[in-house]
Structure formats: C-alpha cells, structure tokens
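Here's the structure we're looking at; comments come further down.
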C-alpha cells in the first residue's frame, strides 16, 4: 500500500512539472531534477518522460499546422520550436538522472551479490573443514581463504565515485559553452523578430501610400469638367 501511494505521488509530481513553462535551472543552466531513490521510482520517471516526449511532439506537429495558416509563419514556428526544446531539455535531464541511478544501483546490487557469494563460500569451506576429522597428533594445515574474484566492494565503490566526479567536472566545464550557445540562439531569435517587425512596418507604409494614391486618382477622375465661359459679342 505504501509503495502504491509513493508511486502515485511521483506520477502526480512529474505530471505537475510537465505543465510548467520552463524547468527550474541550476547555477550552470541545467534543469534541476529530484534525486531518485529506488529502481521503481527510476522506471516511473522514464515512463513518464517517454509519455511527455510523445505529447510534446504531437503538440508541436499540431501547432506547426496552425502556424502555416498565419501571416507571421516564422515567428509562430520559432515559438512552437522553443516550447518543444525547453520540454525536451527537461525530459533529457530527467532521463539522464534516472538512467544514471539505475546503472549505479545495478553495480551496487551486483557487488552486494558478489560479496554474499564470497561470504557463503567462506562459511561453507569452514563447515567442511570443521566436519573433516583430523588425524591424531597431526596438525592439518588450515585451508587458505578463498581469494575474492575481481575487485573488492570498496575498490568498485571508489572507481564508481571517481567516474561520477569526472562526469560532473566535465559537465561543469561544458556549461559555459552551452550557455553561450543558448545566448547566441536567443540573440538570433530576437534579431529575426525585429527584422520581421521592420518588414511588416515597411509593408504597411507602402500599402498606405498605395491606398492614398489610389484615392487621389479616383477623386481626380470623378471631378466634373469646368464649365465654358459664355461669349458676349458686345464686349460687355
């Protein structure tokens, strides 16, 4: 029952996040993602992210059709693309965090199982040695403890921690480049919107001038001809 309530709460939380305009960002510009604490929670996150990704693509396709029917097609499409990009950035962060947890949890469970296997083998060997009768006045050599297969649990944990730190350092090093790319994209988008405004203004001015000229031409052609001056033979 507790697991069902926890899972339902996770799904509701993810659904609420899906309706936000933008994901919360940390100091390096990457979306903040709540930490995962179980494989069930990681699977739920991945399933929800897949569903939200499909919904975002569907919404973009529908919005794209609407944009083509509008006057400012490029501006409409850019807004639709930016909305989809923000959603996908947040979903990629959620999926990366969930997949990282699943990989780390898999390694941890494998190490626990390995340690348990080694401990079971040691206990079994001790039981066999205790059950074997020893010759009188002959000291049997104690069997050597089984050698651990591969790296120890501590070595695996240290290796895993080193990989995590290296990955975090690499992501922090790449953060300025990502921020620069985001700023360049925003600048280009603003310039494109400004160009569209100037073009629209010039077009409106030309249309106004054309309408004014057409009105002047229509007024000139509809004016009555001047009446002739009557001729007086007497000169008066």
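Residue numbers (the numbering used here): 3 to 238.
By construction, the Cβ of each residue, glycine as well, lies at the ideal position given by its N, Cα and C atoms.
Just so it is clear, the structure is predicted and the values come from calculations on it, not from any experiment.
Under 8 Å between C-beta atoms of residue i and residue j
i	j	result
residue 58	residue 94	no
residue 104	residue 205	no
residue 69	residue 82	yes
residue 1	residue 51	The structure shown does not extend to residue 1, since the chain is modelled only from 3 through 238, so no value can be given for it.
residue 155	residue 113	yes
residue 54	residue 89	yes
residue 2	residue 33	Any property of residue 2 remains undetermined from this structure, which presents the chain solely from 3 to 238.
residue 60	residue 47	no
Below-8 Å beta-carbon distance, residue i vs any chain D residue
i	result
residue 44	Protein chain content of the structure displayed is limited to a single chain, and chain D is not contained in it.
Residue i classed as buried or exposed, judged by whether at least 16 other C-beta atoms fall within 10 angstroms
i	result
residue 277	The question about residue 277 has no answer, for the chain in this structure spans 3 to 238.
residue 29	The pLDDT assigned to residue 29 is 37, lower than 50, so where the model puts this residue is not dependable, and the model offers no usable value.
residue 200	exposed
residue 119	exposed
residue 35	buried
residue 44	buried
residue 24	Here residue 24 scores only 40 on pLDDT, less than 50, and its place in the model is too uncertain to base an answer on.
- Task: Output the residue ranges of the beta strand (DSSP E) runs that lie fully inside the region 153-195 and measure 3 residues or longer, sorted by chain position.
- Result: none
- Counting pairs of Cβ atoms below 8 Å between the region 117-133 and the region 70-78, do you hit three or more? no
- Message: I'd like to know if the region 157-173 and the region 106-119 are in contact, where contact means that at least 3 CB-CB pairs between them fall below 8 Å.
- Response: yes
- Message: I'd like the ranges of any beta strand (DSSP E) spanning at least 3 consecutive residues and lying wholly in the region 53-100.
- Response: none
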